[in-house]
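Contents: one structure, followed by commentary.
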Amino acid sequence: MDPRKIFGETFGTEWIIAACVFGLIVLTVLYAMVRSHFRKRSGKPASQRSKNTPLELTYAAVVAGIVGFVVFTSFRATAEEAKRSPHPAATVNIKGFQWCWQFSYPGHDRSETGSCIGRANRPTMVVPAGVPVKLNITGADVIHSWFVPELRYKLDAFPNHVNSTTIVFKHRGRFLGHCAEFCGPNHYSMLFYVKVVPLKQYQQWLAGNAPVGAVA
Amino acid sequence: MTTWQQRTLALAQRPEQGGLTGWTSSRDHKRIGLLTIGTALGLFLLMGALALTMRTQLAQPNEHVVGAAVYDQLFTIHGSGMIYLVVTPLAIGLGVYVVPLQVGAPVIAAPRLTLIGYWMYAFGAACVLSGFLTADGAAADGWTAYAPLSDSQQSPGVGFDLWLVGTFLATVGMMCQGGTVLWTVLRLRAPQMSMMRVPVFSWSEVATCLMVIMAFPSLLTALGMLAIGRIHPQVFDSNVWNIGYQDLFWFYGHPVVYVMFFPFVGAVAEVLATFARRKYFGYTATVLALLAFAGLSMSVWGHHMFTTGQNADDYYSLTSTLLAIPAGLEYFGFLGTIVGGRLSYRTPMLFALAFIPQFLVGGLTGIMVSTPAIDAQFQDTYFVVAHFHYTLFAGSVFGLFAGLYYWFPKMTGYMFDERLGRLHFVLMVIGTNVTFLPMFGLGFMGMPRRISSYSEPGWGTLNLVSSIGAFTIGLSMLVLIYNVIRTFMNKIPAGDDPWGGTTVEWATSSPPPRFNFDAAHPLPPITGFAPLLDLREREQEQQRELAGSGSTS
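Chains S and U, in that order, are what the protein sequence lines are.
All residue numbers for the first sequence refer to this note's numbering, where the first residue is 1071 and numbers rise by one.
All residue numbers for the second sequence refer to this note's numbering, where the first residue is 94 and numbers rise by one.
Written out as structure tokens, the structure reads:
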């Protein structure tokens, strides 16, 4: 699955609905203020009508319709995210610990980690572009959360529990990642990089024939 | 009258003392209410000061005004303080003061329990804050205190133990007060006041207190779980305890959001009706919406856990999005009331009108993050921080000020300075939006919450704007304090009904007598949910009839 695409479509839809609702309600408030102004001018008292049941029911039905559409959008996106590839092209085991990350590749003796103190010590997670990559995410001590804003995606790293997902990294490049679950004093410095490279380069790197710096 | 009602009245009829002892041991709901509101407002200023320290740190990248360890204490106590010790007590304390008056009761039910509730809250607050005096400082695990970070291995400091005890005490205290407010509406209403004549604010307190009683015990259980983890941290080696803690916590943690919101919806409703000079529109729909909302609020907690990977995402997305229906009906009531009203823009009305679009921003972004695919980006980022500050600050706190300015003349007997009230309002609207709007942008860019510093240069500008806004809010609070001091020095009498209120608390004196209504201020006939408005209409009709018969004879 491509979380960035799913987020973009879903957020794009819901943002527009929200903006329309906001606009309508603000306009109604302004309308009330203008009407009140003319009412005062003409010396008319305030309306004493205190209910309008048909209008209230119609309104509730309209809101329920919008809610139904939003729920449908939500369900569709969640189903899209849950899609798993039976044969991922790569698997990365991600472990969050206080206060950095370890990225290892089952079946290979590649493992990237660091201290996360200072820019130079941020570990890099290397993944191939355009193919499904399986991620197994866990925590060593407390709960962390693997978060890559560029992907518009995060998944929590629980100790004694593994969360798995399959992501297709569409765009090549180097992206910054964060820890999104508060995990103690150095939470703010738990930064890492995700480097998305062509499959061939990834395989070379995995076989130990190229250092991280050389893949680009 | 049942025996316990007689007993309550008999107990309450012992004479009240003045002075400090009189106030702190009072069985008068008005005094207990004011104690609760006053304590919470004092703590509100303190929590605001903590927020300003954080905003100073975050104003620019790579700043270290305070260290990470201290910063973590600041956001933990700011969040815990605002939720457990400020807005919840304000929501319930306002009910303790206003509800018995609004339903025409002479006393609150179980006044000593209400008083004990206050003291448990006050001691709880003292406990939480005393953490700052310990060697390792106050609690630093966030207001949610997720396990295993909060166990005794990860957070060995005494500060967290004090947080645990204090939060427990304050929560039990609020349950005591919430219970007596609910009991008062259900059992101590004036004889003519049927449930469908109970004013909107009191109805909002009924829905609130139902959630207090149903959801708060879950927090107590979760805190008990943490207490076990303080003794035997190895229990959290099992994942079921970690995820179980989150489930228990949010079973409380979502309804409490509406506990901190409903009474202010009620206050805004009363203010809108009063200053639009008409009956509240859609009363029945609003009451039903409040009850449906409260019921639904117990089924949405998992939307805080979409990114845990251990959650029924579709179910919680459905229930959370459904909340838009009762919320929409509440908004229909607001809008229906002001459309067709004659609006007068006094300070309470300004706060109530600003509540409408501002809370809406919080509500609509809430619907967005109830979609798991959107939450995957926004969970634990500044987008969520912006969202809940729009609900709690731009919404609830504006509703609170609408209510406080509205009932202030009733509570004190004095009228505040209108111009200073408006200045407070203007500064607060500017400050609030300048502070919290940029946070949506920061969250979109991916800035995580609860970080004590950041190195991304691109986040600097929006953070600086946000910090400037925060200090504008600070300035608006100084205007409020000055206004309160001036009001108590000038002592301009407010009169019984300065606003032309529609509910019975405006028929009694300001401040009301010990038993709320007396021979000089009898309870008016209760003919509906806006009895004073009905009374004024009948009087006008009679005058018209008199004038009519005078001209014909």
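We put the beta carbon where it would ideally sit given N, CA and C, even for glycine.
- Item | Interface residues of the segment 1236 to 1257 of chain S facing chain U [CB-CB below 8 Å] | L1246, H1248, C1249, A1250, E1251, F1252, C1253, G1254, P1255, N1256, H1257
- Item | Helix, strand or coil at S:P1268 [DSSP, three-state] | On the first sequence, residue 1268 of chain S is found 198 positions in, with the first residue counted as 1. Reduced to three states, the DSSP call for S:P1268 is coil.
- Boundaries of the alpha helix (DSSP H) in which S:N1206 is found, first to last residue: Against the first sequence, residue 1206 of chain S aligns to sequence position 136. Looking at the DSSP string, S:N1206 is not in any alpha helix (DSSP H); the run it does join, the beta strand (DSSP E), is 1202 to 1209.
- Hey, would you say U:V572 sits closer than 7 Å to U:L493, going by beta carbons? Here residue 572 of chain U refers to the residue found at position 479 of the second sequence. Here residue 493 of chain U refers to the residue found at position 400 of the second sequence. Their beta carbons are not under 7 Å apart, which means U:V572 does not touch U:L493 by this criterion.
- Item | Per-residue burial, U:N155 [other beta carbons within 10 Å of its own, 16 or more giving buried] | For the purposes of this step, residue 155 of chain U is taken as the residue at position 62 of the second sequence. Exposed is the call here.
- Query: At a CB-CB cut-off below 8 Å, which residues of chain U make contact with S:F1077?
  - Reply: Counting from one through the first sequence, the residue named residue 1077 of chain S turns up at place 7. Correct list: A466, I467, A469, Q470.
- Message: Taking only three categories from DSSP, how would you classify U:G235?
- Response: As a working note, residue 235 of chain U is residue 142 in the second sequence. Three-state DSSP puts U:G235 in coil, outside helix and strand.
- Task: Output the boundary residues of the beta strand (DSSP E) element that contains S:E1079.
- Result: Residue 1079 of chain S sits at position 9 when you count from the first residue of the first sequence. Careful: S:E1079 lies outside any beta strand (DSSP E), inside the alpha helix (DSSP H) at 1073 to 1111.
- Query: Taking the C-alpha atoms as reference points, what is the distance between U:P618 and U:N556?
  - Reply: In the second sequence, counting from the first residue as 1, residue 618 of chain U sits at position 525. In the second sequence, counting from the first residue as 1, residue 556 of chain U sits at position 463. Approximately 55 Å between the Cα atoms of the pair.
- On a CA-only basis, which of S:S1259, S:S1106, S:I1086 is nearest S:G1184? Give me that one, please. Translated into the one-based positions of the first sequence, residue 1184 of chain S becomes position 114. For S:G1184, the nearest C-alpha among the options comes from S:S1259.
- Item | Beta-carbon spacing of U:A300, U:F374 below 7 Å | Taking the first residue of the second sequence as 1, we reach residue 300 of chain U at position 207. Taking the first residue of the second sequence as 1, we reach residue 374 of chain U at position 281. No; because the gap between Cβ atoms is not below 7 Å, this pair is not in contact.
- Message: Considering only their Cβ atoms, is the gap separating U:D510 from U:N653 smaller than 7 Å?
- Response: Since the first and last residues shown for chain U are 94 and 646, residue 653 of chain U lies out of range.
- Going along chain B in order, which residues have a C-beta closer than 9 Å to the C-beta of S:K1153? Among the protein chains of the structure shown, namely S and U, there is no chain B.
- If we call anything under 7 Å between Cβ atoms a contact, is U:F444 one with U:A487? Looking up residue 444 of chain U in the second sequence gives position 351. Looking up residue 487 of chain U in the second sequence gives position 394. Cβ atoms of U:F444 and U:A487: not closer than 7 Å.
- Are any of the Cβ atoms in chain S nearer than 7 Å to that of U:L453? Looking up residue 453 of chain U in the second sequence gives position 360. It does: the Cβ of U:L453 has a partner Cβ on chain S nearer than 7 Å.
- Simplified DSSP state of S:E1150, which is helix, strand or coil: Counting from 1 along the first sequence, the entry for residue 1150 of chain S is found at position 80. In this structure, S:E1150 counts as helix in the three-state DSSP scheme.
- Task: Run down chain U in chain order and give the residues with a C-beta less than 7 Å from the C-beta of S:V1266.
- Result: Within the first sequence, the letter at position 196 stands for residue 1266 of chain S. Those within 7 Å of S:V1266 in chain U number zero; the least Cβ separation is about 17 Å.
- Query: Based on Cα-Cα distance, which residue from U:K503, U:Q633, U:G524 lies nearest to U:P586?
  - Reply: Mapped onto the second sequence, residue 586 of chain U falls at position 493. Here the closest residue by C-alpha is U:K503.
- When Cβ atoms are compared, which residues of the segment 1106 to 1124 of chain S fall closer than 9 Å to chain U? S1106, H1107, R1109, K1110, K1114, P1115, A1116, S1117, Q1118, R1119, S1120, K1121, N1122, T1123
- Would you please verify whether the beta carbon of U:G539 is less than 7 Å from any beta carbon of chain S? Position 446 of the second sequence holds residue 539 of chain U. U:G539 counts as touching chain S.
- Query: When the Cα of U:G197 is compared with those of U:Y547, U:L143, U:T620, which residue comes out closest?
  - Reply: Start at 1 with the first residue of the second sequence, and residue 197 of chain U comes out as number 104. When only C-alpha atoms are compared, the closest one is U:T620.
- Item | Through-space distance from U:H480 to U:G455, alpha-carbon basis | Residue 455 of chain U sits at position 362 when you count from the first residue of the second sequence. Residue 480 of chain U sits at position 387 when you count from the first residue of the second sequence. Distance between the alpha carbons of U:G455 and U:H480: 5 Å.
- Message: Taking CB distances under 7 Å as the criterion, tell me whether U:M461 reaches chain S.
- Response: In the second sequence, the residue the question calls residue 461 of chain U occupies position 368. Taking Cβ atoms only, chain S reaches closer than 7 Å to U:M461, which makes this a yes.
- Item | Per-residue DSSP class, three states only, for U:N609 | Translated into positions along the second sequence, residue 609 of chain U becomes position 516. U:N609 falls in the coil class under three-state DSSP.
- Query: According to a CB-to-CB cut-off of less than 9 Å, which residues of the segment 1208 to 1228 of chain S neighbour chain U?
  - Reply: D1211, V1212, I1213, S1215, F1217, V1218, P1219, E1220, L1221, R1222, Y1223, K1224, L1225, D1226, F1228
- Limits of the unbroken beta strand (DSSP E) element including U:T464: Within the second sequence, numbered from 1, the residue matching residue 464 of chain U stands at position 371. Looking at the DSSP string, U:T464 is not in any beta strand (DSSP E), and its letter there is neither H nor E.
- Inter-residue Cα distance where the pair is U:A238 and S:Q1273: Here residue 238 of chain U is taken as the residue at index 145 of the second sequence, counted from 1. Here residue 1273 of chain S is taken as the residue at index 203 of the first sequence, counted from 1. Each residue's Cα considered, the two are about 42 Å apart.
- Message: Going by C-alpha to C-alpha distance, which of S:R1189, S:C1170, S:V1162, S:W1171 sits closest to S:G1177?
- Response: For the purposes of this step, residue 1177 of chain S is taken as residue 107 along the first sequence, with counting starting at 1. Out of S:R1189, S:C1170, S:V1162, S:W1171, S:V1162 has the C-alpha closest to the C-alpha of S:G1177.
- Message: Within 7 Å of any Cβ in chain U, is that where the Cβ of S:T1098 sits?
- Response: Here residue 1098 of chain S is taken as the residue at index 28 of the first sequence, counted from 1. Interface flag for S:T1098 against chain U is set, since a Cβ pair is found closer than 7 Å.
- Query: Does U:D254 get closer than 7 Å to chain S when you measure Cβ to Cβ?
  - Reply: Along the second sequence, one-based indexing puts residue 254 of chain U at 161. With 7 Å as the cut-off, U:D254 does not count as an interface residue toward chain S.
- Query: Helix, strand or coil: how does DSSP classify U:G641 here?
  - Reply: On the second sequence, residue 641 of chain U is found 548 positions in, with the first residue counted as 1. Helix, per DSSP.
- Determine whether the Cβ of U:R631 lies closer than 7 Å to any Cβ atom of chain S. If you number the second sequence from 1, residue 631 of chain U lands on position 538. Cβ-Cβ to chain S under 7 Å: no for U:R631.
- Task: Determine the direct distance from the alpha carbon of U:M268 to that of U:Q306, and round the result to whole angstroms.
- Result: As a first step, residue 306 of chain U must be located in the second sequence, where it is residue number 213. As a first step, residue 268 of chain U must be located in the second sequence, where it is residue number 175. Reading off the sequence shown, one finds Ile at residue 306 of chain U, where the question assumed Gln. Spanning the alpha carbons of U:I306 and U:M268 requires a straight line of approximately 6 Å.
- Query: Between S:A1286 and S:G1278, what straight-line distance do the alpha-carbon atoms span, to the nearest angstrom?
  - Reply: Start at 1 with the first residue of the first sequence, and residue 1286 of chain S comes out as number 216. Start at 1 with the first residue of the first sequence, and residue 1278 of chain S comes out as number 208. Note on S:A1286: pLDDT 44, under 50, position unreliable in the model; no value is reported.
- If you measure from the beta carbon of U:Y338 to each beta carbon in chain S, is any gap under 7 Å? In the second sequence, residue 338 of chain U corresponds to position 245, counting from 1. Output row for U:Y338: interface = no.
- Task: Tell me whether the beta-carbon of U:R579 lies closer than 7 Å to the beta-carbon of S:A1116.
- Result: As a working mapping, residue 579 of chain U is identified with position 486 in the second sequence. As a working mapping, residue 1116 of chain S is identified with position 46 in the first sequence. No, these two residues do not count as a Cβ contact at 7 Å.
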